[in-house]
Amino acid sequence: MRLPPITPADLSADQVPLFEAMRAGVAAKYNAFVTARADGAMLGPWNAWLHDPELGQAFWTVTQAMTKARRIPDGPRQIAILVTGAHFAAAYETYAHGAVAASMHGMSERRLAALAAGERPDDLDDDEAVAHDVAKALLRGGVLPDPLYALAISRFGQAGTNELIYLVGHYCFVSMTLNGFGIPVPNEADA
């Protein structure tokens, strides 16, 4: 880990408002995985964002907007996030959203393993399959193929397709944050 976790007692005046906002937002949404150490220091991308609170606040604002949108069902959302995290081998992302997918959606270990390996699970429903295929196509680079774009529109509508595209882009950014700063899963971070 390249950026040490910051305990609440060690926060600067500029970091306190962001820390409080992220801690409250993360606590309200995530309980399926470890997001902070016992001493209160945040883990995952949130710790990195605290190290640069001016930019971190912008990143947190986008994260909140992506969380609030909810134009596509959560199952396909989790598929797209996991495909993106696996593409970048972002360990914390795969760990965190694997836990969310398992606890909130009953996603099987078999399916999670296939996604972590970069494979397409054979038991996806139609919406999940579209989310998977759109994410994979975007991660390959280039323009999203017209037939796949049209399929996403038919499944999720324009607003849902927009959200899916933004979601993949956002989790590319989160994965880069995790990988760039060498942010491991909590067991390795000595949570």
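Number 191 marks the last residue of the sequence shown (the UniProt record's numbering); no jumps. Backbone N, C-alpha and C define an ideal beta-carbon position, used for all residues, glycine too.
So, at 8 Å on beta carbons, what are the nonlocal neighbours of residue i in its own chain, with the 5 sequence-adjacent residues on each side left out?
i, result
"A191", "Because A191 sits at a pLDDT of 49, beneath the cut-off of 50, its placement in the model cannot be relied upon, and the following sentence gives the value as read from the coordinates. Taken in chain order, the residues that qualify are V34, A36, R37, A38 and L43."
"A189", "Confidence at A189 is low in this model, with a pLDDT of 44, below 50, so its placement is unreliable and the value that follows should be read with caution. Closer than 8 Å at the Cβ level, and outside the excluded window around A189, lie M1, P5, R37, L43 and I183."
"D127", "I72, P73, G75, P76, R155 and F156"
"L50", "I6, L11, Q15, L18, F19, M22, M42 and G56"
"A86", "T94, L115, A116, A117 and G118"
How far does the alpha helix (DSSP H) with residue i in it reach, from first residue to last?
i, result
"P145", "From DSSP, P145 is part of no alpha helix (DSSP H); its letter is neither H nor E."
"residue 244", "Since the first and last residues shown for the chain are 1 and 191, residue 244 lies out of range."
"P53", "P53 to A69"
"H127", "According to the sequence displayed, residue 127 carries Asp and not His. Residues D126 to R140."
"A80", "D74 to H87"
"R111", "E109 to A116"
"L18", "V16 to K29"
Run through the DSSP bridge pairs and tell me what residue i is partnered with.
i, result
"A36", "M42"
Near residue i, which residues of its chain fall below 7 Å by C-beta distance, leaving aside the five closest residues on each side in sequence?
i, result
"T177", "P45 and A48"
"residue 202", "Any property of residue 202 remains undetermined from this structure, which presents the chain solely from 1 to 191."
Under 9 Å between C-beta atoms, does residue i make it to chain D?
i, result
"Y92", "The structure shown contains no chain D; it holds only a single protein chain."
Note down, in chain order, each residue of its chain lying with its Cβ closer than 6 Å to the Cβ of residue i, except the 5 sequence neighbours on either side.
i, result
"V185", "A91, Y92 and Y95"
"F181", "R2, L3 and A48"
"R111", "P121"
"A69", "E163"
"P53", "D14, Q15 and L18"
"I153", "T161"
"L82", "H97 and L115"
"A32", "A99, V100 and S103"
"Y171", "I81 and T84"
Given a threshold of 16 other Cβ atoms within 10 Å of its Cβ, counted over all protein chains shown, does residue i qualify as buried or as exposed?
i, result
"A101", "buried"
"S175", "buried"
"L55", "exposed"
"G118", "exposed"
"T63", "buried"
"T67", "exposed"
"A106", "Residue identity differs from the one stated: residue 106 is Gly in this sequence, not Ala. It is exposed - the Cβ of G106 has fewer than 16 other Cβ atoms within 10 Å."
"A24", "exposed"
"G98", "buried"
"D146", "exposed"
On the premise that residue j lies in contact with residue i, defined as a C-beta separation below 8 Å, what is that separation, rounded to the nearest angstrom?
i, j, result
"L18", "W60", "6 Å"
"T84", "V143", "No, T84 and V143 are not in contact; Cβ-Cβ is about 18 Å, not under 8 Å."
"L151", "A137", "Their Cβ separation, rounded to whole angstroms, is 11 Å, which puts L151 and A137 out of contact at 8 Å."
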